[in-house]
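Below: the structure, in structure tokens.
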Amino acid sequence: MTEPVRPFRKRFDWTLVCLLVGVLLLASSCSWVGWNWDTPMSTVMPKSDFGKVTHDIFMLISWWTLGIFIAVEFGLLWVCWRYRDRPGAPIPKQVHGHTALEVSWTIAFAVILLIFAIPTIRVIFKTQEAPAATALRVEVFGKQWWWEFRYPQLKITTANELHLPKGQTATFLLNAPDVIHSFWMPQLGGKRDVVPHRINHITLTPEVTGDYPGQCAEYCGVSHANMRFRVIIHEAADFEKWVKNQQGPPVESTDPLAQQGKTIFTQSTCVGCHTINGLSAGHIGPDLTHFASRKRFAGSLMESTPENLAKWVENPDHMKPGALMPNLGMTSEQSKALAAYLLSLK
Amino acid sequence: MADHAAAVHAVHDPNIGNTGLDNRKMGMWAFLGSDCMFFGSLIGTYLAYKGKSLSGPGPHDVFDIPLTSYSAALLLASSLTMVLALANLQQNRVKSAARWLLVTALLGLHFVLNQVYEFTTFVLHHDLKLSTNLFGSSFFVLTGFHGAHVTGGVIWLLILVGLAWRRQLDARDYTKVEIAGLYWHFVDIVWIAIFTVIYLIP
Amino acid sequence: MATQAAFMPGSKVATETFWGTVWSWLTTVDHKRIGILYGTSAFIFFLVGGIEALIMRVQLARPDNTLVSAERFNELFTMHGTTMIFLAVMPLSAAFFNYMIPLMIGARDVAFPRLNALSYWIFLSGALFLNSSWLFGLAPDGGWFGYANLTTSQFSPRHTIDFWMLGLQILGVSSMLAGFNFLVTIINMRAPGMTLMRMPVFVWMSFVTQFLLVLAFPAITVALILLMFDRFFGTLFYAPAAGADPLLWQHLFWIFGHPEVYILILPAMGIVSEVLPTFARKPLFGAPVVIYSGITIGFFGFGVWSHHMFSVGMGPVADSAFSIATMLIAVPTGVKILNWIGTLWGGSIRFRTPLYFALGFIAMFTMGGLSGVMHASPPVDLQQTDSYFVVAHFHYVLFGGSIFGLFGGIYYWWPKINGKLLDERLGLWHFWLMMIGFNVTFFPQHYLGLIGMPRRIYTYAPDLGWNFWNMISTIGAFLIAVSLLFFIANVWRTMRSGKIAGNDPWDARTLEWAIPSPPPVYNFARVPHVHDRDDFWLEKHGDGHGGAPRPKPTPVTAAEIASIHMPSPSFWPLLLALAMAVMISGLMISMYQVIVGGLLTLYLMYKFAMELHRPAEGHGH
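Chains as they are written, first to last, in my numbering: chain V, 34 to 379; chain L, 680 to 881; chain P, 594 to 1214.
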């Protein structure tokens, strides 16, 4: 009745199995040879205490799972090879199971997971301890689609650029005035969501100076991809210098173009949204008092150059889709003057 | 032999499965299990937002416990009349079964009208609407969905009554009415949970 | 009975005219035809979701690319996720539930054939409704997870979210109705002698899936209802300004969302558990353990939802509890994998395309499972969540797992469903290209995630080290697309000139292989009596311990066949599904449409219920 099973082309099939082994070997060798782990947003190059403890668990689990992975995959291949059908083979023994084996591998898995669970729980509690009173407090506001950083102890407000001293514990208080965001500085440690009506915390101590990119990691609308920022870890003395500059009043430029830009700024709707100490007190957009001290702007999307700034002022939505800053209908002269003014605000 | 028996069985009543239970009844149980999760989620939402409203009115500014207790009593009584209807139907006393079904439906209808009255007073006299505060949102949606369940049950019961009057319902349809009864008792039990959680616990 | 015979497949009356054929499909209540409808629709939506993925991959192939706008990219990833989960993998699984479960338990149909048709038509109307949003330029853009409060009208004022929210409601109704139906079918419609522990493991995994469906979907239904009230009727469930907690959505969503992961993977695990024994020619190793671990996975599936929320700041106690629960769920999963390898051990393995896909499932799912163990540890998860590492992880589970498993099922059961064998050579091309393409696409994404590439970004800066492997990943995606062309070619060729399969082309073990391919409309001329999980195998080969093969049953007589009653076709399911779609879509258009649609729905429900009222009377016309 039933059709006989067709003879099977062993050679063809086993070429393919060898191919699979090849692919696996290639993939694993690539991972150690060709892949650069020291990149600007790498999660495996921790630069803080918080980053380091989590990275240790990651490595622990990685080595175990890699071992299990290799054992299972090569075990699978070997079993397929060893028990392949041979012409004229009898029906194999109909084995239904083996209780002792089942019990032992269940226990083995449980034990391995226990090895992961114990350090995991220790780190969970350690990293979520209440911060010391001496910690540098930074209030982080995630907004569509840029970041505001306030240092209440230092009375500084800045945007898209977070400055921290090396070796001092910092604690971040995360606020979301609009929708859910996620605050992520990959080189310094794991992310934490920024949730409306809830203050979340991250506490960490940076250990290596440098300039690290960060990014919003929770989808938050049109320009989610453009909600970036930078973290700059200074030596303590450099941080002091930065603080002094930020606390000072805005720089007065004598450049006529900048003066013209200042007039445009004060007479336009800019003042409704932006603060420049002594000039305006808007709170919707970023504080511009020391705008030119920051290398990038608009969610750290662009470098602060006169050209970029002029283009931005003329049509924000074009540079950052969905940008909430309205198009104010500036002429190119006006926007150039504004750019000159803003870039004078060191 | 067994094959033959099964085949004969299948011809006689395609609704009875190999467990000896009726498919439709089992389907209703599956639905009720699912509906438990539905009301569980709604009640959970209500509890999560309990006391979280930023403005009034709150539950105890608006609740009329005696009225709601009366409503609860109506529903409890309707479970009893449902049982009576089934008992009568089982003995093929179709007329009195239909009468008890009608009483059940009317009790349910009374409950629904009480709820309409309750909602109306909340809106008119206490200015509590869906959009007033979290209490308004979670209260109206939870009790409203229960009310919709009762309304559905009333329509179902009235259809059964109509069938009985047109002589299209008798003891052979016991299971169908029993399933309506399962639903009805479930809606009743859910009300007891809602009544306790929302109205009685301070 | 004449009218019923007219709708039996292969019957001359039904297929005489084109419209007769169309009508017979629109009104069918035959579980096999509904299965085919589900499978075909799911495959088409799988291609749609795949095209969405390809466009995204092209956009991401280079940094600062401008192929699509930010808005369009957000629509694409929202619709890709929603389509693949709700319109491709779930209905493809449903196709196998529909077609195979009655055959595997020795039943002639499901418990509620008309309800089954209703599920399909509701599914189709929901799927078309959701995708119609493209035509209006209003494709959903809130992510498949639709996190509130981004999805409230304050932040998403256009109808985009409405399409998504209402579409999912419609699809949810379909899934739950199917869930009730299959729960009852599996409990109540088993052939005599088929105890629960004699049920094939595919049926068992499907059984667990149905429990998950009926218990998990209410949670998302409530989440969506609350969102609907927020958007249409001014409630404040997701309005932080009124004191609401936007995490309410996340809790409700993931109470559904995590069981949903098992809804997507368990059917594929079931398929693998059928394919391996057949081609290893050995019973499933530790079948009861595989079954119990499936139940355990389903049960724990409800207790781990917050591992999707480790980054929201639940506090150390909740983090630890959900971490431990998540690690626990890895135990039964690992046990399953070892049992599958144990099945192959000592077998006489015949390498055919279905087996390749099953082996691919084990190999790839292992990888996805192990990266999942990493996320079970909250500190590690904080770095990996919402990065491409997670994208790689769940594609290894849902593509390397579910899709490979489901393709295995397609190759395995195709001869049963269509009577012809899919071509082995093209099948192997399909498998290897898909296997290589899949790994080229998704393996580098682990690396990209570890070096910090976040999910759901439409563009990235060129100086982050992400460029090269993104390009490779895109190339891999096209390899997958090419592999699907081989599958389509294979189907095309088989339809035209495939090899006739016969009843039992694989020398398989379960009941469905004892009947002709394709099966007659009544499935079993004589309801079988079952003695073992591998009943058909024992009938052919004996018990392997010297027990002789069972004697062949006597031939079925024409009189026996004539006495089989099959349910009549019905057009009420189709009409009822349409009325529901009219009602629900009315929320976006006008309240009058909602009321008219609602009344129509009620009326049609009445007609639907009354169609079979007391079939005893007026019978025998």
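Ideal Cβ placement from N, Cα and C applies to all residues, glycine included.
Establish whether the CB of residue i and some CB of chain V are separated by less than 9 Å.
{"i": "P684 (chain P)", "result": "no"}
{"i": "E645 (chain P)", "result": "no"}
{"i": "G940 (chain P)", "result": "yes"}
{"i": "I1182 (chain P)", "result": "no"}
{"i": "G908 (chain P)", "result": "yes"}
{"i": "V622 (chain P)", "result": "no"}
{"i": "H1134 (chain P)", "result": "yes"}
{"i": "M1198 (chain P)", "result": "no"}
{"i": "G736 (chain P)", "result": "yes"}
{"i": "L619 (chain P)", "result": "no"}
{"i": "I694 (chain P)", "result": "no"}
Find the nearest neighbour of residue i within the set the options, judged by alpha-carbon distance.
{"i": "P229 (chain V)", "options": "V:H214, V:L147, V:Y116", "result": "V:H214"}
{"i": "I90 (chain V)", "options": "P:P972, P:I1108, P:A918, P:F738", "result": "P:P972"}
{"i": "W863 (chain L)", "options": "L:L879, L:G831, L:I873", "result": "L:G831"}
{"i": "F903 (chain P)", "options": "P:A784, P:L840, P:T620", "result": "P:L840"}
{"i": "L721 (chain L)", "options": "L:A859, L:G706, L:F814", "result": "L:F814"}
{"i": "G897 (chain L)", "options": "P:R783, P:L808, P:Q652", "result": "The structure shown does not extend to residue 897 (chain L), since chain L spans only 680 to 881, so no value can be given for it."}
{"i": "L741 (chain L)", "options": "L:D867, L:L861, L:H828, L:H805", "result": "A quick correction: the sequence has Val, not Leu, at residue 741 (chain L). Here the closest residue by C-alpha is L:H805."}
{"i": "R707 (chain P)", "options": "P:M1159, P:H752, P:F915, P:R945", "result": "P:M1159"}
{"i": "S1090 (chain P)", "options": "P:D1016, P:I1029, P:L770", "result": "P:D1016"}
{"i": "L799 (chain P)", "options": "P:W757, P:G736, P:M697, P:G765", "result": "According to the sequence provided, residue 799 (chain P) is Ser. The question's Leu does not apply to it. Minimum Cα distance to S799 (chain P) is reached at P:M697."}
{"i": "F987 (chain P)", "options": "P:A951, P:A956, P:L952, P:F1035", "result": "P:F1035"}
{"i": "F892 (chain P)", "options": "P:L845, P:G927, P:I856", "result": "P:I856"}
Beta-carbon of residue i versus every beta-carbon of chain L: anything under 9 Å?
{"i": "A598 (chain P)", "result": "Any reading at A598 (chain P) needs caution, since the residue's pLDDT is 40, under 50, leaving its predicted position unreliable; the model's value is listed next. No, A598 (chain P) does not count as interfacial toward chain L."}
{"i": "M601 (chain P)", "result": "Its pLDDT being 45, under 50, M601 (chain P) is placed unreliably by the model, and the measurement read from it follows with that caveat. Chain L contact via Cβ: absent."}
{"i": "P785 (chain P)", "result": "yes"}
{"i": "T814 (chain P)", "result": "yes"}
{"i": "S604 (chain P)", "result": "No answer about S604 (chain P) holds up, because its pLDDT of 42 lies below 50 and its placement is not dependable."}
{"i": "T1103 (chain P)", "result": "no"}
Measuring only between beta-carbons, confirm whether residue i sits less than 9 Å from chain P.
{"i": "K729 (chain L)", "result": "no"}
{"i": "D211 (chain V)", "result": "yes"}
{"i": "D244 (chain V)", "result": "no"}
{"i": "F330 (chain V)", "result": "no"}
{"i": "V820 (chain L)", "result": "yes"}
{"i": "I834 (chain L)", "result": "yes"}
{"i": "A827 (chain L)", "result": "no"}
{"i": "K774 (chain L)", "result": "no"}
{"i": "A684 (chain L)", "result": "Because A684 (chain L) carries a pLDDT of 43, less than 50, the predicted location of this residue cannot be relied on, and the following value inherits that uncertainty. Yes, A684 (chain L) counts as interfacial toward chain P."}
{"i": "N208 (chain V)", "result": "no"}
How many whole angstroms separate the CB atoms of residue i and residue j, which I take to be in contact at a CB cut-off of 8 Å?
{"i": "P1217 (chain P)", "j": "R1102 (chain P)", "result": "Here chain P covers residues 594 to 1214 and nothing more, so residue 1217 (chain P) does not appear."}
{"i": "S866 (chain P)", "j": "D118 (chain V)", "result": "In fact, because the Cβ distance is near 20 Å, the residues do not count as touching under 8 Å."}
{"i": "M202 (chain V)", "j": "H234 (chain V)", "result": "Note on residue identity: the sequence assigns Thr, not Met, to residue 202 (chain V). Contact flag wrong, Cβ pair sits at about 12 Å."}
{"i": "W847 (chain P)", "j": "H901 (chain P)", "result": "5 Å"}
{"i": "T819 (chain P)", "j": "F830 (chain P)", "result": "As written in the sequence, residue 819 (chain P) is Leu, which differs from the Thr given in the question. With 8 Å as the limit, L819 (chain P) and F830 (chain P) qualify as a contact, their Cβ atoms being about 4 Å apart."}
{"i": "M920 (chain P)", "j": "F149 (chain V)", "result": "6 Å"}
Return yes when at least one heavy atom of the ligand HEM lies under 8 Å from the C-beta of residue i, else no.
{"i": "S215 (chain V)", "result": "No copy of the ligand HEM occurs in the structure displayed, which carries no ligand at all."}
Problem set entry | Ordered list of alpha helix (DSSP H) runs contained in the stretch 977-1060 of chain P, each at least 4 residues | 981-990, 997-1011, 1017-1043
At least three beta-carbon pairs within less than 8 Å, the stretch 1039-1052 of chain P to the stretch 965-984 of chain P: yes
Between the stretch 1125-1137 of chain P and the stretch 665-678 of chain P, can you find at least three pairs of beta-carbon atoms closer than 8 Å? no
- Query: Does the stretch 1066-1076 of chain P come close enough to the stretch 1050-1057 of chain P that 3 or more CB-CB pairs lie under 8 Å?
  - Reply: no
*Inside the stretch 267-353 of chain V only - beta strand (DSSP E) runs reaching at least 3 residues*: none
Exercise. Could you say if the stretch 297-307 of chain V and the stretch 248-267 of chain V meet the contact criterion of at least three C-beta pairs nearer than 8 Å?
Key: no
- Could you give the uninterrupted runs of the alpha helix (DSSP H) lying entirely in the stretch 1116-1189 of chain P, keeping only those of 4 residues or more? 1128-1134, 1151-1155, 1165-1182
List, from N- to C-terminal side, the alpha helix (DSSP H) runs of 4 residues or more that fit wholly inside the stretch 210-270 of chain V. none
Checklist line | Cβ pair count under 8 Å reaching 3, the stretch 1148-1163 of chain P against the stretch 785-794 of chain P | finding: no
Length-filtered (4 minimum) alpha helix (DSSP H) runs lying within the stretch 695-761 of chain L: 702-727, 738-741
inquiry  = Check whether the stretch 707-720 of chain P and the stretch 761-768 of chain P touch, using three or more Cβ-Cβ pairs below 8 Å as the test.
reply    = yes
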